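Report on one structure; see the data block that follows.
Residue numbers (mature numbering (1 follows the signal peptide of the UniProt record, and there is no 0)): -22 to -1, 1 to 392.
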């Protein structure tokens, strides 16, 4: 396997332009520290079903690295045939016509509705009215508790707080060296802020993507919540510092990605119990934006597109999804895998923490991304205002006013 880290020292041609035959498939993915083993197993199984086909895996460190590489490939040529893209970047590839719509492939699958893909899963990969990706390894925001600190504060580890009010109320009673609670406001694309708004039934922009909508009641309530978390005693630090602090037992409540459930559980083993609870969804129409990765087809070769589609289906079939989940803490996208006792049904009974976010599978939605060339600048504007609120340097109303005016100035002029 070829690897590409840091400054992307290898060129695009060095990775993908190596005299590939029609039966070769170049596949790019990231987060090999979690996914190398299941990816190798998936490739081995696919090649066994397709004699003569060779899948050539390459990996990069993270989704942003992959996006940088793909945008370079759009200029120089030599993009991979298939890539496991970060869900926050799907719209970018769709907007720039750098991925193949999958709608026609899906229509040709007469048994598609029996393969374990729920309508919620396919919506995750939708952009501009078409399906461009099938999710592979999904994560959502999740609430982690230090069971011992929760109990010492008068809470019940067997029945942790379920609402934001109750979570903040118990946080005020938790005594911990690095603070009672930490809300991770820094993920790519303002993921957790979007989650608060969508879970409350709101949205970031109007359906026609012409006006902002995050300045409605849901967005204002989200900022008030962050203010209350700051008032409860949250200490501002980097996500990596918060991860270390929680694993060390010095943060009581940690709101962050579900993808590290296994890591935190293992690191805390023998010292304190890790209690995992669902991210609150107060609205009956609330959703959560799916983080993680989704598979896109990039090759323009019709023959390779057919082979690539077969690979997409294989990587997301029940057996492959079970393989992936047992190696990482991601949420599977195949409901057959979730419910079959021989695949993941029994596994979740033995690992109940991992089953907590899976129960919210039907609430998944696509990862919102702002339109236009300034999307990265916009997410930085929003993150700065979130930080100002959670550190009590700015009121929710002032932050929303500033956020609104700056974002509106950066959106495309229609």
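Cβ atoms here follow ideal geometry from the backbone N, Cα and C, with glycine treated the same way.
The model shown is predicted, which means the values in this text are computed figures rather than measured ones.
Just the Cα atoms here: how many angstroms apart are residue 148 and residue 55?
-> By one-based count along the chain shown, residue 148 stands at place 170. By one-based count along the chain shown, residue 55 stands at place 77. Cα to Cα, the separation comes out at about 54 Å.
Could you give the residue range of the alpha helix (DSSP H) that holds residue 37?
-> Taking the chain shown and counting its residues from 1, one reaches residue 37 at position 59. Per DSSP, residue 37 is not a residue of any alpha helix (DSSP H); the beta strand (DSSP E) it occupies stretches across 32 to 38.
If you drop the 5 nearest sequence neighbours on each side, which residues of the same chain put their C-beta closer than 8 Å to that of residue 93?
-> The count along the chain shown starts at 1 and reaches residue 93 at position 115. Closer than 8 Å at Cβ, skipping near neighbours: 87, 291, 295, 312 and 314.
Option in 43, 278, 355 and 241 with minimal Cα separation from residue 62 = The residue labelled residue 62 in the question sits at position 84 within the chain shown. Of 43, 278, 355 and 241, the residue nearest in Cα terms is 43.
Assuming residue 219 and residue 370 form a contact by the criterion Cβ under 8 Å, report the distance between their Cβ atoms to the nearest whole angstrom.
-> Here residue 219 refers to the residue found at position 241 of the chain shown. Here residue 370 refers to the residue found at position 392 of the chain shown. Wrong, their Cβ atoms sit about 19 Å apart, outside the cutoff.
Label residue 26 either buried or exposed according to how many other C-beta atoms from any shown protein chain fall within 10 Å of its C-beta, with 16 as the threshold for buried.
-> Taking the first residue of the chain shown as 1, we reach residue 26 at position 48. Residue environment analysis places residue 26 among the exposed positions, since fewer than 16 neighbouring C-beta atoms fall within 10 angstroms of its C-beta.
Relative to the C-alpha of residue 388, which residue among 302, 360, 368 and 125 is closest?
-> Here residue 388 corresponds to residue number 410 of the chain shown, with the count starting at 1. Here the closest residue by C-alpha is 360.
Anyone know if the C-beta pair for residue 207 and residue 161 falls short of 9 Å?
-> Position 229 of the chain shown holds residue 207. Position 183 of the chain shown holds residue 161. In this structure, residue 161 lies closer than 9 Å to residue 207 by Cβ.
In three-state terms, what does DSSP make of residue -9?
-> Here residue -9 refers to the residue found at position 14 when the chain shown is read from its first residue. Caution is warranted here: a pLDDT of 49 is assigned to residue -9, below 50, making its placement in the model unreliable, and the coordinate value is therefore given only provisionally. Residue -9 falls in the helix class under three-state DSSP.
How far does the alpha helix (DSSP H) with residue 20 in it reach, from first residue to last?
-> For this step, residue 20 is matched to residue 42 along the chain shown. Per DSSP, the unbroken alpha helix (DSSP H) holding residue 20 starts and ends at 10 to 27.
Pick helix, strand or coil for residue 160, following the three-state DSSP scheme.
-> As a working mapping, residue 160 is identified with position 182 in the chain shown. Residue state, collapsed to three classes: strand.
Nearest to residue 254 by CA position, among 12, 16 and 124, is which residue?
-> Residue numbering aside, residue 254 sits at position 276 when the chain shown is read from its first letter. Nearest option by C-alpha distance: 124.
What did DSSP end up calling residue 346 once you bin it into helix, strand or coil?
-> To locate residue 346, count along the chain shown from 1; it is residue 368. Coil at residue 346, not helix or strand.
Beta-carbon separation (whole angstroms), residue 269 vs residue 118, contact threshold 8 Å = In the chain shown, the residue the question calls residue 269 occupies position 291. In the chain shown, the residue the question calls residue 118 occupies position 140. With a beta-carbon spacing of about 7 Å, residue 269 and residue 118 fall inside the 8 Å limit used to define contacts.
Does the stretch 15 to 34 come close enough to the stretch 77 to 84 to have 3 or more Cβ pairs within less than 8 Å?
-> Result no; under three Cβ-Cβ pairs closer than 8 Å.
Endpoints, alpha helix (DSSP H) assigned at residue 175 | Within the chain shown, residue 175 is the residue found at index 197, counting from 1. Per DSSP, the unbroken alpha helix (DSSP H) holding residue 175 starts and ends at 169 to 177.
Provide the residue(s) that pair with residue 254 in DSSP beta bridges, ordered along the chain.
-> The sequence position of residue 254 within the chain shown is 276, counting from 1. Under DSSP, residue 254 forms a beta bridge with 122.
Residue 13 and residue 306 look like a contact to me (Cβ under 8 Å); what is the Cβ gap, rounded to whole Å?
-> Position 35 of the chain shown, counted from the start, is the residue given in the question as residue 13. Position 328 of the chain shown, counted from the start, is the residue given in the question as residue 306. The Cβ separation is near 6 Å, so the contact holds.
Thinking just about the alpha-carbon of each residue, which of 107, 114, 73 and 180 is nearest to the one in residue 64?
-> Counting from one through the chain shown, the residue named residue 64 turns up at place 86. That would be 114, whose Cα lies nearest to the Cα of residue 64.
Within this structure, are the beta carbons of residue 131 and residue 264 separated by less than 9 Å?
-> Position 153 of the chain shown holds residue 131. Position 286 of the chain shown holds residue 264. No. Outside cutoff.
Sort out for me which residues DSSP pairs residue 115 with in a bridge.
-> In the chain shown, residue 115 corresponds to position 137, counting from 1. 271.
Through-space distance from residue 150 to residue -15, alpha-carbon basis | Reading the chain shown from its first residue, position 8 is the one you call residue -15. Reading the chain shown from its first residue, position 172 is the one you call residue 150. With a pLDDT of only 44 at residue -15, under 50, the local geometry of the prediction cannot be trusted, and the value read off the model is given with reservation. CA-to-CA, the gap between residue -15 and residue 150 works out to about 45 Å.
Which of the three DSSP states, helix, strand or coil, is assigned to residue 241?
-> Sequence index remark: in the chain shown, residue 241 carries index 263 (1-based). In the structure shown, residue 241 sits in a helix (DSSP, three-state: H, G or I).
Cβ pair count under 8 Å reaching 3, the stretch 342 to 357 against the stretch 131 to 144 | Result no; under three Cβ-Cβ pairs closer than 8 Å.
From the DSSP output, in three-state form, read off residue 95 for me.
-> If you number the chain shown from 1, residue 95 lands on position 117. Residue 95 sits in coil when the DSSP states are folded into three classes, being neither helix nor strand.
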